[in-house]
Amino acid sequence: MSGIYIHIPFCHQACHYCDFYFSTSLKLKEKIVEHICKELELRKDFFNENSKIESVYFGGGTPSVLNHTELERIVKALDLHFDLGNLKEFTFEINPEDVNDSTIEIWKKNKINRFSLGLQSFEDDLLKYLNRKHTGEDGIVAINKIKQAGFSNISVDLIYGIPGLSMLLWKNQLEKIIDLSIPHISAYCLTIEPNTVFGNQLKKGKIIPVDEVLAQEQYFYLHEFLEKNGFEHYEISNFGKPNFTSKHNTSYWNGKQYLGVGPSAHSFNGEKRMWNVANNFNYIKSIESNSLPLEYETLTKNQQLNEYILTGIRTKWGIDLNKIKLEISKIEFEQFKNKINHYIHSNLLKIENDCAILSIEGFWKADGIAGDLFL
Amino acid sequence: MENIRNFCIIAHIDHGKSTLADRLLEFTKTVSKRESQAQILDDMDLERERGITIKSHAIQMNYTFNGKPFVLNLIDTPGHVDFSYEVSRSIAACEGALLIVDAAQGIQAQTISNLYLALGNDLEIIPVLNKIDLPAANPEEVKDQIIDLIGCERDSIIPASGKTGLGIEAILEAIITRIPAPKGDVNAPLQALIFDSVFNSFRGIIAYFKVVNGELKKGEKVKFVATEKEYFAEEIGILKLKPEPRDKVSTGDVGYIISGIKAAKEVKVGDTITTLNNPCEQGIQGFEDVKPMVFAGIYPVDTEDYEELRYSMEKLQLNDASLTWEPESSAALGFGFRCGFLGMLHMEIIQERLEREFNMTVITTVPNVSYKAYSTKGELMIVNNPSDLPDFSKLDSVEEPFIKAQIITKSEYIGPILNLCIGKRGILKNQVYLTQERVELNFELPLAEVVFDFYDKLKTISKGYASFDYSPLEYRQSNLVKLDILLNAEPVDALSALIHRDNAYDFGKKICEKLKELIPRQQFEIPIQAAIGAKVIARETIRALRKDVTAKCYGGDISRKRKLLEKQKEGKKKMKSVGSVEIPQSAFMAVLKLD
């Protein structure tokens, strides 16, 4: 199973929390599209010959800033250079303000079958605080329109742990999601990254980060509430109804190969991780001269294992102890088991079918645990 | 003997000593261009990286002047105040010295104190004005300073540039014509002055010496006067870029001896070598047993590594006789060693060498000086570790060592420097204008205050335009209290410090704040308290860590996060568990990082 990720590095406006690579000037949009197409051609042999592409994911930035021609161009290039015969999931990230009859029409025409909607919240003042362009009502309208157009595979992004989001408000939001019968939710605790508006404000003491106790309470409630409503909590921040988990994202966590195209996109071919330059201008310049604007690192066996631990532990499938056992010495494995046992005793972890799986409390401390289990 | 010239170089750090030495070696073809690398004489990586000389070195050059062949022995000396005894012995082995002064920066305190040492040993001083090619050079003013200082003729100062090679020939000529040949009696019993030693893992200790009287022959039985140990001169020779064996080393010359000595402590700098057959009546004057000035605990992070640490310390002591240590134990850190160092730089070097050369991860505790405590019964106790201070009820008084400090700076920095020294309990004794802009300040200061962060602060407030040197004075009674630090209500003995009572509150508050910053959040809340006896004088709290996960982990985040976690894991390996609290190495040195 292989996937392709396309990064569209443009947004109408910058959210105060976001540290992904994007530009709010759309001047270079057409050029970038042209060069993404060219990069797809340059990298058409990225996968093994008989490797079928099962998922395509347009992320950003905001892919819904693409107009008809631009989207069509990229999809055509994808079709031309890769075997999409087995394509099962084609996800497109959209913002509510971009959803209307004509855009839906375009997306439908281009074989998109899954949407990831940047909703974040239903509360207008919170949306404003995050510097989102849409209102809560826009979100609901967008969801209904997509559903009316016949799409059922919809994911929405939610953010909790926002200063001002009380427990009561959070519960209301989740009720609304259930009422709208959305089958997939990505819910993120607000993280204040250094190179963002929030990051700067925090440094200057202008905002107070949310109470950790409240954020934790919101997370535990989220877990409990969604499981009660038929969702699987299959990754730290991801919840899906049966058959609605994201194939593309799951491939990241399962160590599968993926090709990332566009400025700042990352790729992985099983042993090498590559990343494109995070700058539109330099990206164009490099592709123009037929050279890939990327750097890479080759993972050692240990690094591969550590990444397996890091990503695996974040999922409900956990990490396969037999797989680890095969790769390390007896003594190392004993030490590894001791650490696992320690976490079992503190109720952060359990073993099922020889797999080490984090509890909900464990999920909340997954980074520390993963780092500790590193080989 | 008339054709031998022995000289050393006196210079402040960064005044271009090593580069100028490199040029001399190249000009005399002692090294070929091919063998040449920057700072030839500084052969420890640490020396090259820091641009300092830690060990003394010697190298022989051959140079023909007016048709006559000459042997020039350059003895390179350390430049830091921690090593002033070594410097004094190197100077004693010479008849002349190059005084190198940066034409832009002028004379510095360290230069002056070493210059006085040289003058005291009757060395012929050849002033060299280096870096004359710098745009910021101020040759006439610096010449004035030099003339003021040594009373030389203006035209005897040699303009030079280590970078371009300017003046090298003139320097060599001056060495030959101005520095006297060594004096001494070839027929007298052997007296050879040891000025340094190095450790070689195959040959054992190689001692460097200068023959003051007599001759040393290969295969002779020799005796070291101060240690009274006897050896067999297995190999002797002279020091070129590499040692070159010879059958004898004669009066006035500089050489080395290998005699199967295993440990550096058997070879004391300043000791005299003589022959067993025809021994000299007494050793060369000026020998001292070097005493450590600063003490600190060194502990393995992993208590299992104690024996390995001991082995590493033994190995280190093989080539650094000035390092002293004895086993000690700490309730917080387990088994380790209380080590004595010549000064702070020496301490840093030892810690760094343990980590680099022996791959040991160690914790160094807050450094302190040696105190004298008097009990109510009138007994004297030497206290090298704050936690050894007797109980308050049995304590009559405590004395701490004072030093005489000499600071040379530009007049515009006098104010801040006075403030700094007075804040460190210093007493201004004297203030002399060397030139209109340059001032020499003399203080009496408690050594303990200098040990902490004095030097860094001095450099900061003077924008680097202050140089500092010191020599020990006597012990004086002080109102000192023992400040204890408690983490999670457990006292951590390794964090205790002896502080002047007037500074204790301020110090306690700052150290609690600093520890809060340095100790990472853990699964539970950790109170930090500073206490004098049972009285808590300051408190901070490290909040418990609840969330330890970032929400997203997609394509690019995976490698970034892996690297981050790997780095954290490395950091954690260097942490010490005390009770239930994990403390990073840096926290044990927190005292040194207070503002």
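Respectively, the protein sequence lines represent chains A and B.
Take the first sequence: its letter number 334 is residue 396 in the working numbering, and every next letter is one higher.
Take the second sequence: its letter number 548 is residue 1043 in the working numbering, and every next letter is one higher.
From the three backbone atoms N, C-alpha and C, an ideal C-beta is built for every residue, glycine too.
At least 9 Å separates the CB of B/Ile1078 from every CB of chain A. Counting other Cβ atoms within 10 Å of its Cβ, A/Tyr296 reaches 16 or more and is therefore classed as buried. Along the segment 1040-1056 of chain B, going in chain order, the ones with a CB nearer than 7 Å to a CB of chain A are Arg1041, Lys1042, Asp1043, Val1044, Thr1045, Ala1046, Lys1047, Cys1048, Tyr1049, Gly1050, Gly1051, Ile1053, Ser1054, Lys1056. Here B/Lys638 is buried, its C-beta having at least 16 other C-beta atoms within 10 Å. At a cut-off of 9 Å between beta-carbon atoms, A/Gln278 makes contact with chain B.
Take A/Ile224, set aside five residues on each side of it, and the residues of its chain with a beta-carbon closer than 6 Å to its own are Leu188, Leu252, in chain order. Around the CB of B/Phe727, fewer than 16 other CB atoms lie within 10 Å, so the residue is classed as exposed. One thing to note: B/Ile505 has its Cβ no nearer than 9 Å to the Cβ of B/Ile903.
A/Phe287 has a beta carbon lying at 9 Å or more from every beta carbon in chain B. As computed with DSSP, B/Thr659 is found in no beta bridge at all. Counting only runs of 3+ residues, the beta strand (DSSP E) found wholly inside the segment 765-818 of chain B occupies 767-770, 789-795, in chain order. Of all residues in the segment 392-424 of chain A, none comes within less than 8 Å of chain B when Cβ atoms are compared.
The bridge partners DSSP lists for A/Arg176 are A/Thr153. Annotation: the segment 616-689 of chain B contains the following complete segments of the alpha helix (DSSP H) (minimum length 4 residues), in chain order: 634-645, 663-673.
A straight line joining the alpha-carbon of B/Val1031 with that of B/Met1084 spans about 21 Å. The Cβ atoms of A/His78 and A/Tyr191 lie closer than 9 Å to each other. Under the Cβ criterion of 9 Å, B/Leu661 is not counted among the residues facing chain A. For A/Asn112, the closest C-alpha among the options A/Asp219, A/Ile247, A/Leu146 is that of A/Leu146. Of the residues B/Thr659, B/Arg741, B/Glu1012, the one whose Cα lies closest to the Cα of B/Ile1037 is B/Glu1012. The residue among B/Ile845, B/Pro1022, B/Gln1080 with its C-alpha nearest the C-alpha of B/Asp797 is B/Gln1080. Look at A/Cys80 here: in three-state DSSP terms it is coil, with no helix or strand label.
Distances from the CA of B/Glu668 to each of B/Ser656, B/Ser651, B/Arg971, B/Lys678 were compared; the closest alpha carbon is that of B/Ser651.
Interface annotation, A/Phe109: not in contact with chain B, CB-CB separation never under 9 Å. Spanning the alpha carbons of A/His407 and A/Ile413 requires a straight line of approximately 12 Å.
Cβ contact annotation for B/Ala989 (same chain, cutoff 7 Å, sequence separation greater than five): Gly792, Ser825, Ala827, Leu828, Thr860, Phe1083, in chain order.
The alpha-carbon of A/Asp273 is positioned some 16 Å away from that of B/Thr1045. Between A/Leu104 and A/Ile346, the CB-CB gap reaches or exceeds 9 Å. Around A/Gly122, the same chain offers His69, Ile70, Pro71, Phe72, Cys73, Phe82, Phe84, Glu155 as residues with beta carbons nearer than 8 Å, after the five sequence neighbours per side are excluded.
Taking a beta-carbon distance threshold of 9 Å, B/Glu723 does not count as an interface residue toward chain A. The DSSP-derived three-state label of B/Arg971 is strand. Scanning B/Leu612, B/Ala655, B/Leu1060, B/Leu618 for the CA closest to the CA of A/Asp434 turns up B/Leu1060. Counting the other CB atoms within 10 Å of its CB gives B/Pro573 a total of 16 or more, which places it among the buried residues. The residues Phe938, in chain order, have a CB closer than 6 Å to that of B/Cys916 in the same chain once the five nearest residues on each side in sequence are set aside. In the structure shown, B/Thr572 adopts coil according to DSSP, grouped into three states.
Between B/Cys834 and A/Gly380, the alpha-carbon positions lie close to 49 Å from each other. Look at B/Lys1064: its C-beta is under 9 Å from a C-beta on chain A.
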